[in-house]
Amino acid sequence: MEIRRLTISNYKKLTELWSKASLPFKPQGRGSRETIAKQISSNPDLFIGAFEDGCLVGAAILSSDFRKGGINRLAVDPSYRRRGIAEALIKESERILRKHDLRIFCALIEDSNVSSRTLFKKCGYIEHHDILYFSKRDGDMV
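In this note's numbering, the protein residues as written are -7 to 134.
This is how it looks when you write it as structure tokens:
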């Protein structure tokens, strides 16, 4: 397995991976090719993929608020799960975020996603029950 940066040329495979992994995305909004292209162009380090034999089998999109780094949209093709790919993506994400002088790492995980919660705990993350998530969106596609 090789982990490397994603480029916009990986967009179709990335959205196919999200679909296989049952990650919803908004192809007419924040998940559009144009939006992802702009984000990759601005932050090329923050889009990583795991490849086996040239096939994209896992991916993560990283983010930063300049105080902490986020691991977002972590996905592994279901037929490649239980091989350490997600754990390797988390470790590489942390390495990249440290290069950006970040020392706090976080992930937002839906309460029902037991496998992701278990994975992040295995990687040393602490589940917080005292934090509530609030969001405000400028529209349904954002």
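We put the beta carbon where it would ideally sit given N, CA and C, even for glycine.
For clarity, every value in this text was computed on a predicted model and none was experimentally measured.
Suppose the cutoff is 7 angstroms on Cβ atoms and the five residues either side in sequence are ignored; what does the same chain contact list for residue i look like?
i           : result
residue 63  : 52, 54, 82, 85, 97, 99
residue 125 : 100
residue 9   : 48, 51, 67, 69
With H, G and I counted as helix, E and B as strand and the rest as coil, what does DSSP make of residue i?
i           : result
residue 106 : helix
residue 17  : coil
residue 64  : strand
residue -4  : strand
residue 8   : helix
residue 112 : helix
Have a look at the options and flag the residue whose alpha-carbon is nearest the alpha-carbon of residue i.
i           : options           : result
residue 135 : 117, 0, 76        : There is no way to answer for residue 135, as the model of the chain reaches only from -7 to 134.
residue 133 : 45, 24, 94        : 24
residue 13  : 59, 20, 89, 65    : 65
residue 123 : 131, 101, 15, 7   : 101
residue 121 : 103, 108, 131     : 103
residue 119 : 128, 10, 108, 129 : 108
residue 46  : 2, 110, 128       : 2
residue 130 : 112, 21, 11       : 21
residue 11  : 32, 70, 89        : 70
residue 111 : 76, 9, 18         : 76
Does the distance from the CB of residue i to the CB of residue j come in under 9 angstroms?
i           : j          : result
residue 50  : residue 67 : yes
residue 92  : residue 34 : no
residue 48  : residue 5  : yes
residue 44  : residue -6 : yes
residue 116 : residue 89 : no
Near residue i, which residues of its chain fall below 8 angstroms by C-beta distance, leaving aside the five closest residues on each side in sequence?
i          : result
residue -3 : 36, 37, 39, 40, 41
residue 59 : 94, 96
Please go through the same chain and pick out, in chain order, the residues whose beta-carbon is closer than 6 angstroms to the beta-carbon of residue i, but skip the five residues on each side of it.
i          : result
residue 72 : 49
residue 32 : 0, 39
For the region 19 to 81, list the alpha helix (DSSP H) runs that are entirely contained and at least 4 residues long, ordered along the chain.
25 to 34
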